[in-house]
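What follows is a short report on a single structure.
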Amino acid sequence: MRVSVRVNGTAYERDIEPRMLLGDFLRVALDLTGTHFGCEHGICGACTVHLNGKSVRSCLTFAVQADGGEVLTVEGLGTVDDLHPLQDAFREHHGLQCGFCTPGMLMTALELIERQPDATEDDIREAMSGNLCRCTGYQNIVAAIRAAAEAMR
Amino acid sequence: MSLDARPKSVGRSVKRVEDPRLLTGQGAYTDDLRPARMVHVAILRSDHAHGAIRAVDTTGANAMPGVLGVYTAADFEGEIEPIRAPSKMRDYKMTTTPLLAVDRVRYVGEPVAAVVAESRYLAEDALRGIEVDIDPLPAALDPEAAAEPDAPVLHAEFDSNVILAREFGREDVDAALAVAATTVAGRFRFRRKSPLAIENRCCVAEYNGGRRELTLHSSTQVPGILRDCLSDLTGLPGNAIRVIAADVGGGFGGKASLYTEEILVCLMARKLGRPVKFTSDRLEDLSSTSQAFDEIVDATLGFDAEGRIVGLSADVIGDVGAYSIYPWTAALEPVQVVSFLPGPYDVPAYRGRVRGVATPKVPMGPYRGVGRPAAVFAMERLIDMGARKLGLDPAELRRRNLVKEFPYRAASGLIWDQSAFVESLETVEKVVADEGLRDYQATARAEGRHVGIGYASYAELTGIGSKIPAAPGMPVTTGIESATVRIDPSGAVTAIFGVASHGQGLETTLAQVVSDALGCRLEDIRVVQGDTAGRAYGTGTYASRSTVLAGGAGTLAGEAVKERLLKVAAEMLEAAPEDLDVHDSRVTIRGTDRQLSFRDVARKAYLEFGRLPKDLQGELEETRLYDPSVGTTSSASHVCLVEVDAETCGVKVLRYVVAEDCGVVINPMIVDGQVHGGVAQGIGAALLEEVVYDADGQLLTGSLVDYVVPSASEIPHMDVLHLESPSPTTLGGYRGMGEGGTIGAPAAVANAVSDALAPLGIEITEVPITPERLFRLIHQKT
Chain C
361 MRVSVRVNGT
371 AYERDIEPRM
381 LLGDFLRVAL
391 DLTGTHFGCE
401 HGICGACTVH
411 LNGKSVRSCL
421 TFAVQADGGE
431 VLTVEGLGTV
441 DDLHPLQDAF
451 REHHGLQCGF
461 CTPGMLMTAL
471 ELIERQPDAT
481 EDDIREAMSG
491 NLCRCTGYQN
501 IVAAIRAAAE
511 AMR
Chain X
5 MSLDARPKSV
15 GRSVKRVEDP
25 RLLTGQGAYT
35 DDLRPARMVH
45 VAILRSDHAH
55 GAIRAVDTTG
65 ANAMPGVLGV
75 YTAADFEGEI
85 EPIRAPSKMR
95 DYKMTTTPLL
105 AVDRVRYVGE
115 PVAAVVAESR
125 YLAEDALRGI
135 EVDIDPLPAA
145 LDPEAAAEPD
155 APVLHAEFDS
165 NVILAREFGR
175 EDVDAALAVA
185 ATTVAGRFRF
195 RRKSPLAIEN
205 RCCVAEYNGG
215 RRELTLHSST
225 QVPGILRDCL
235 SDLTGLPGNA
245 IRVIAADVGG
255 GFGGKASLYT
265 EEILVCLMAR
275 KLGRPVKFTS
285 DRLEDLSSTS
295 QAFDEIVDAT
305 LGFDAEGRIV
315 GLSADVIGDV
325 GAYSIYPWTA
335 ALEPVQVVSF
345 LPGPYDVPAY
355 RGRVRGVATP
365 KVPMGPYRGV
375 GRPAAVFAME
385 RLIDMGARKL
395 GLDPAELRRR
405 NLVKEFPYRA
415 ASGLIWDQSA
425 FVESLETVEK
435 VVADEGLRDY
445 QATARAEGRH
455 VGIGYASYAE
465 LTGIGSKIPA
475 APGMPVTTGI
485 ESATVRIDPS
495 GAVTAIFGVA
505 SHGQGLETTL
515 AQVVSDALGC
525 RLEDIRVVQG
535 DTAGRAYGTG
545 TYASRSTVLA
555 GGAGTLAGEA
565 VKERLLKVAA
575 EMLEAAPEDL
585 DVHDSRVTIR
595 GTDRQLSFRD
605 VARKAYLEFG
615 RLPKDLQGEL
625 EETRLYDPSV
635 GTTSSASHVC
645 LVEVDAETCG
655 VKVLRYVVAE
665 DCGVVINPMI
675 VDGQVHGGVA
685 QGIGAALLEE
695 VVYDADGQLL
705 TGSLVDYVVP
715 SASEIPHMDV
725 LHLESPSPTT
735 LGGYRGMGEG
745 GTIGAPAAVA
755 NAVSDALAPL
765 GIEITEVPIT
775 PERLFRLIHQ
785 KT
């Protein structure tokens, strides 16, 4: 099947099997390996990307569902020389260790900050509870998101 | 600025050098690799706990689209040596781990056959084309039942499932307990856990036939162990094998052993002449990555009339799963339970017996804390039970029994060097007092709420040197690490280590150590790790060893390079080396503005080599090995406040404080992060996480819906207080600290829940404390 998607502002067209997951499409067909799979059954949130402005699990979304759509991935935020304020806050507050869950954390947190810029600590913990991290104990992730929300105001 | 006042890198919360690439999606995790012509493996796994393989028919799979080959054990016969973890322990029975199952399957999830295809999708499709005929065999799932003489044996070559047995102790514990003023006893059950890194295991092998070179990329903590093991198993010389662990997405011990998939992809890459990748999915992770902490601890603790411990006896059964794991052996986890059971306390008489029992489950291996979480859970529960019986405050009973004079030889033979045992306890005690937590509890109780406070104190041996083998007769030495530090002609510094970071930030902390030793700017250092090409020997990162061992080696190598640099610079500046300072990547004549950059000195050393006096000729490069010989004690006290909801039987952790002594802190930000993560895993172990097998050996927790790890909602805000007492036995005074959080938290939470439910007479003896277990406990009592 032919699929046309804009990813991080760039238009792509690929011929793919209908069963190809959006995450595999990004990672394998487009070589955007910043999006990670942690469980492939929609629990861990590592594969979270934005599709048409809303967060989705790219392990539970087929690439064909994104046809004609806009996808934002971690590669579409900042660069190593010019980090997005959210990425910068994660670095500043040590909100990552192994970094594997981080792309999904960033994409979920970005949606939260856009939707609820004045989120409290409890709001943040609740909103992030669909993204699992095994390294940080979440404390510094929560601190980073609060700081980023402040910085992005 | 005087030398001493000049800011050092060690001790500062410098931002991590790893972060920019990881934050922008530019990490290089193993599954991100896609070498040209790469093919994919999918593994067909046993769906029987124990059975005889009658036939494996691969014809259907062979005919499926995109399939390049379907393999069973017979296809690799004669290609590798048997995989066995030897040990010198008496009574140890050495199992053989098959590459793919031969004749028998011994756990659900054991690899039986493998398909190689053009894509992961096609490889997984082809699994449906393999027919496996297995006759189920009887099996004992429960470790106590499996230890009985008449239990069906899992390994026909042995007469029993008890594959290891040991006993530690001193003095006559029975006599001591017989005259004790008070004794407490319990049967403590720590249920099986999965390390569960968010990145599933992944490996990619490339074989260059022309050069006879094998490269294995793996999400491993132990690239050095893998290289040496691959050499032993395949007969390839070590110089033909390179193992690379670039960015690794967490490990926690689950990626610290050899996995048969890692050997399979190597053998397949050699057969096919194409790169071969295996990427585990989460079900495979939960049914094949090493598991942990599955123990029953039957223990009795006796006190004299003043509350001083007089004796401790314990019988431990460890459910070690189907095979003795390579290279650690099945002894690693359960034997450490009895080694560490006396904890940081003065225990004059002790007997700890342990048996490791083979059952049809995933092999038990290392997981953060190894042995100590179960040991500390049992001992700290006994201390709290003792305090209740003696009518003493639990912190006071701890204070009376904590070791106060160092070095101290523990009852199991471990040596505790100077460590802040009492200080850490008193620090958390002060938090309880300052925050009025007992008053809060009293008020809550008056309102009919169940609120409790739980302490846990523990000690662990970290940075272990070559004199203390992790298991006697093990095929690897874990006690040494080396480092090469070099300055190249551009003046840049490279520091090469044999350890392998999988999230700990070693590229940052080791750079901090080298920066101080050599006198260069942090940004001028590139740390190379996780690649066997750089080192003759170096095993990897596990057992809270990397900061102590690699930090020590990096310090020695950095100082040695600095000495060389100074000699060349002295010649160039016509000054005496002792009149020179090195800082910020510059050499200065003290008290003057005359200086040289590292680049100036390096260009002289390399490009004008012939013009230097003979004794100054040489590279600005040194390699040093560090062996801390024994090990050093890290210790901590935890305290937490919990509330039990009597309606839902849910437990909420309201407050959590850790006071810990990890010696000299290199990077406080990173140390705090490690403690936070460890505590979160310990809270998971205490309240949520449990690998469950049913009576037929079927795995019931094969997804993250069923194996529940904590999310942000279950973890409280934590405070970490540092008692920085420099280790007297290690270079730099560092102690290892990566595991501590997980060691203390299950005990602290269990003690807090027991304290909350003390009015109901409930003592927690089993973790995780799930709502179901709590419901049963509460309703048995009321």
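So the sequences go chain by chain: C and X. Each residue of the first sequence is one higher than the one before, starting from 361 at the first, in the working numbering. Each residue of the second sequence is one higher than the one before, starting from 5 at the first, in the working numbering. We put the beta carbon where it would ideally sit given N, CA and C, even for glycine.
Where the region 669-683 of chain X meets chain C: residues whose CB sits under 9 Å from a CB there: M673, I674, D676, G677, Q678, V679, H680, G681, G682, V683
Inter-residue spacing [alpha-carbon to alpha-carbon] between A537(X) and V252(X): 17 Å
A144(X) to G347(X) span [Cα, whole Å]: Their Cα atoms are separated by approximately 32 Å.
First and last residue of the uninterrupted beta strand (DSSP E) at N212(X): 206-212
Buried versus exposed, by CB contacts within 10 Å (16 or more), E384(X): buried
Integer-rounded CB distance, given that V366(X) should sit under 8 Å from S294(X): 7 Å
Coarse secondary structure for L562(X), derived from DSSP in three states: What sits at residue 562(X) in the sequence shown is Gly, not Leu. Helix.
Where the alpha helix (DSSP H) containing Q295(X) begins and where it ends: Counting along the chain, Q295(X) falls outside any alpha helix (DSSP H), and DSSP gives it neither H nor E.
DSSP three-state assignment for G31(X), whether helix, strand or coil: coil
Chain C within 8 Å of I719(X), Cβ atoms only: True, the Cβ-Cβ gap to chain C drops below 8 Å.
Beta-carbon separation (whole angstroms), A127(X) vs V45(X), contact threshold 8 Å: The C-beta distance from A127(X) to V45(X) rounds to 6 Å, short enough to meet the 8 Å contact threshold.
Inter-residue Cα distance where the pair is L470(C) and F385(C): 22 Å
Other residues of its chain near A424(X): CB distance less than 6 Å, five sequence neighbours each side excluded: D665, L727, S729
Closest by C-alpha distance to L276(X), when choosing among G677(X), N204(X), A209(X), R25(X): Per the Cα distances, A209(X).
Beta bridge counterpart(s) of G360(X) as assigned by DSSP: L168(X), G322(X)
Nearest-angstrom Cβ-Cβ length linking G507(X) and G254(X), presumed shorter than 8 Å: Rounded, the Cβ-Cβ distance is 5 Å, consistent with contact.
N- and C-terminal bounds of the alpha helix (DSSP H) containing T769(X): According to the DSSP assignment, T769(X) belongs to no alpha helix (DSSP H), since it is labelled neither H nor E.
Where the alpha helix (DSSP H) containing E373(C) begins and where it ends: Counting along the chain, E373(C) falls outside any alpha helix (DSSP H), though it belongs to the beta strand (DSSP E) covering 370-375.
Under 8 Å by beta carbon: chain X residues contacting P445(C): Within chain X, no residue comes near P445(C); the closest Cβ sits about 12 Å away, beyond 8 Å.
Three-state class that DSSP yields for C824(X) in the structure shown: Nothing can be reported for residue 824(X): it is not among the residues displayed for chain X, which extend from 5 to 786.
Three-state secondary structure assigned by DSSP to F779(X): helix
For S222(X): DSSP bridge partner residues: C207(X)
Three CB pairs or more closer than 8 Å across the region 35-43 of chain X and the region 92-102 of chain X: no
Separation of P775(X) from L7(X), as counted between CA atoms: Model confidence at L7(X) stands at a pLDDT of 49, short of 50, so the residue's coordinates are unreliable; what they give is reported in the following sentence. Rounded to whole angstroms, L7(X) to P775(X) spans 59 Å at the Cα level.
Status (buried if at least 16 other CB within 10 Å, exposed otherwise) for N165(X): buried
F297(X) vs Y371(X) beta-carbon contact at 8 Å: yes
Inter-residue Cα distance where the pair is A180(X) and A309(X): For A180(X) and A309(X), the distance between alpha carbons rounds to 13 Å.
Beta-bridge pairing of M722(X) - partner residues as DSSP gives them: Y660(X)
Cβ neighbour criterion (16 or more within 10 Å) applied to R659(X): Buried, since its Cβ has 16 or more Cβ neighbours within 10 Å.
T224(X) vs K197(X) beta-carbon contact at 8 Å: no
N-terminal and C-terminal residue of the alpha helix (DSSP H) that R124(X) is part of: 124-131
8 Å Cβ cutoff, M68(X) in contact with chain C: no
Host beta strand (DSSP E) of F192(X) (start-end): 186-194
Runs of alpha helix (DSSP H) wholly within the region 643-724 of chain X (minimum 4 residues, chain order): 672-691
8 Å Cβ cutoff, P750(X) in contact with chain C: no
Burial state of F410(X) (16 or more Cβ within 10 Å): Using a 10 angstroms sphere on the CB of F410(X), the tally of other CB atoms stays under 16, which defines it as exposed.
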